[in-house]
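Participant: Just dropping this structure here.
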Amino acid sequence: MPDLTANVKWLNQLPPRATHDQPYLVHFWTLSCASCLTTLPDVSALMKKYESHIHAVSVNLEPEDDAEVTEQAKRAGLDAPLAIDEEALLSDAFGYNFIPAFYLFDASGQMRYFQQGQDHLGTLEQRIKRLLRKQRFPIGNRCTSLYFHNDR
């Protein structure tokens, strides 16, 4: 997994260190992407649902407006570590083509799933559940499916 701390501006908190104890979800978005803003509350809900099982961070790609990025994240209920990729270093390291983009890494740092564009968040949740089962993380009864309004 690429280093999340190199030359990145963290707005609310530093990300958890990538250790071998939990999987990691990295989310990329922008203010100018309508589908990013539409799905942001659902992304927030997904991150909260699995917060005791996976580390999650959200990375915005627009360095010019910290206040608006923070406000949009707050409005969506996003309280995961939030960064702005000011020098496009994370963008280059991850190498996606479309946003929103999601990268799911296992506990050893190997990428296990990648999703970009307007794909359904339900698929991302299924991949998270599968990864947690494979890595024997006890997810219990709280991991019933969320309904995402974009999955209709």
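This note's numbering puts the sequence shown at residues 368 to 519.
Every residue, glycine too, gets a C-beta built ideally from N, C-alpha and C.
Remember, it's a predicted structure, so these values are computed and weren't measured experimentally.
1) So what does histidine 394 bridge to, in DSSP terms?
2) Compute the distance between the beta-carbons of valine 410 and leucine 445, then report whether it is under 9 Å.
3) Taking C-beta to C-beta, are glycine 484 and isoleucine 466 nearer than 9 Å?
4) Check each candidate in Glu454, Asn464, Leu456 and Thr490 and name the one with the smallest Cα separation from leucine 471.
5) What is the DSSP secondary structure of alanine 447, reduced to helix, strand or coil?
6) Are there 16 or more other CB atoms within 10 angstroms of the CB of glutamine 380, so buried, or fewer, so exposed?
7) May I have the straight-line CA-CA distance separating alanine 474 from proline 448, to the nearest angstrom?
8) By DSSP's criteria, methionine 342 is part of a beta bridge. Which residues make up the other side?
9) I need the DSSP call for glutamine 389, collapsed to helix, strand or coil.
10) Does any heavy atom of the ligand MN sit closer than 8 Å to the C-beta of proline 467?
11) Flag this pair as yes or no: are the beta carbons of leucine 457 and proline 369 separated by less than 9 Å?
12) Where does glutamine 493 fall in DSSP's three states?
Facilitator: With the given structure in hand:
1) On the sequence shown, residue 394 is found 27 positions in, with the first residue counted as 1. According to DSSP, histidine 394 bridges with Ser425 and Phe469.
2) The residue you call residue 410 lines up with position 43 of the sequence shown. The residue you call residue 445 lines up with position 78 of the sequence shown. Yes, Cβ-Cβ distance for valine 410 and leucine 445 is below 9 Å.
3) The sequence position of residue 484 within the sequence shown is 117, counting from 1. The sequence position of residue 466 within the sequence shown is 99, counting from 1. Yes.
4) Here residue 471 refers to the residue found at position 104 when the sequence shown is read from its first residue. Nearest of Glu454, Asn464, Leu456 and Thr490 to leucine 471, Cα basis: Thr490.
5) As a position in the sequence shown, residue 447 is number 80, starting the count at 1. Coil.
6) For the purposes of this step, residue 380 is identified with residue 13 of the sequence shown, where counting begins at 1. It counts as exposed.
7) What you label residue 474 is simply residue 107 of the sequence shown in a count that begins at 1. What you label residue 448 is simply residue 81 of the sequence shown in a count that begins at 1. Taking the straight line from one Cα to the other gives about 18 Å.
8) Because the chain in this structure spans residues 368 to 519, residue 342 falls outside the shown range and cannot be described.
9) Walking along the sequence shown from the start, residue 389 turns up at place 22. If DSSP states are grouped into helix, strand and coil, glutamine 389 belongs with coil.
10) In the structure shown, the ligand MN is absent, as is every other ligand, since no ligand is present at all.
11) Position 90 of the sequence shown, counted from the first residue, corresponds to residue 457. Position 2 of the sequence shown, counted from the first residue, corresponds to residue 369. Contact flag set, yes.
12) Within the sequence shown, the letter at position 126 stands for residue 493. In the structure shown, glutamine 493 sits in a helix (DSSP, three-state: H, G or I).
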